[in-house]
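Using UniProt numbering, the letters of the sequence shown correspond one by one to residues 1 to 257. The beta-carbon is built from N, C-alpha and C at its ideal position, and this holds for glycine as well. Note that this is a predicted model, so its numbers are computed, not measured. Notes follow the structure.
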Amino acid sequence: MLLDEYGNTAAVTLAAAVSLGAAGYYWSRSGDPTHKVAAIVDLKAQTRILPDGSRVASCHKGDALMETYYADVKTISDAVRRGLRESADGRMLGYRKKQADGTSPYHWLSYKEVIDRSVDVGYGLREIGIEPGQKTFVGILAKNRPEWVICEHAVYSNCSILIPLYETLGPSAITYIISQTEMRIVIVDEEAKAERLLDERNKYPSIKVIVVIESFSKALLGRAEQAGVMVYSLADIESKGHSAAHRHSLQVGVMCT
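Structure (structure tokens):
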């Protein structure tokens, strides 16, 4: 009986493999899988040589250096605001949220929602004493999620320097980056990461503020206070920024790590 069951399974598997193989062969013969994308330039003459010996792309109109692709886009923040206009406030950031029935449909934030929230976070950081400017380094230790991008653009709005901290690099790399930049603030996505930063407090003496995206316990607040670190929720930072008295925009700064 057991052998018969295995035999039936093997037969079904073989039949499925043959069917898929036949379908693939038919597609490759009936369609045009090798369709080539038309080149925008002659591949044998992709550049023009200027009198001074420099080169310019042959598809570029004129010989002057193209400093921006769009006249109204000179920074990353400009690009997002152009997206707002061009899309008529369309979808910008999407994420999946699991429902009670087990499905995970996408939920979307519009360009305006992202811009407004990032501006609020930017002003909120100023309200808690994080000075704007390129001498301020803001670390982000979080998984990919809408709040990552919102905090990213909040840092840009304050003309501060964004420092991505990737867990995949390992704890030693994170320690090195924090030590080199002497950052005062790190944004994390969950309480466990804030706990780890406090566990290694002796390695990160420069950190004075931790912002947590998700909810956290009162115990974290008490432990952070004992370590001389202030902990805020991202929602609290947004609220402080939204009600800030003085609001004005600044430039953009990024540091790659």
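Residue 37 sits in coil when the DSSP states are folded into three classes, being neither helix nor strand. Taking all protein chains in view, the Cβ of residue 160 is crowded by 16 or more other Cβ atoms within 10 Å, so the residue is classified as buried. Residue 224 sits in a helix when the DSSP states are folded into three classes. The residue from 59, 182 and 68 with its alpha-carbon nearest to that of residue 136 is 182. Taking 4 residues as the shortest admissible run, the region 64 to 146 contains the following complete alpha helix (DSSP H) segments, listed from N- to C-terminal end: 76 to 86 and 111 to 127.
About 6 Å separates the beta carbon of residue 110 from that of residue 92, a gap short enough to meet the 8 Å contact definition. Of all alpha-carbon atoms in 143, 153, 63 and 187, the one lying nearest the alpha-carbon of residue 168 is that of 143. Within its own chain, the residues whose Cβ lies closer than 7 Å to the Cβ of residue 238, once the five positions on either side in sequence are excluded, are 117, 120, 121 and 124, listed in chain order. For residue 165 against residue 150, the beta-carbon gap comes to about 17 Å, at or over 8 Å, which does not count as contact. Of all C-beta pairs linking the region 70 to 80 to the region 38 to 58, fewer than three are shorter than 8 Å, placing the two stretches out of contact.
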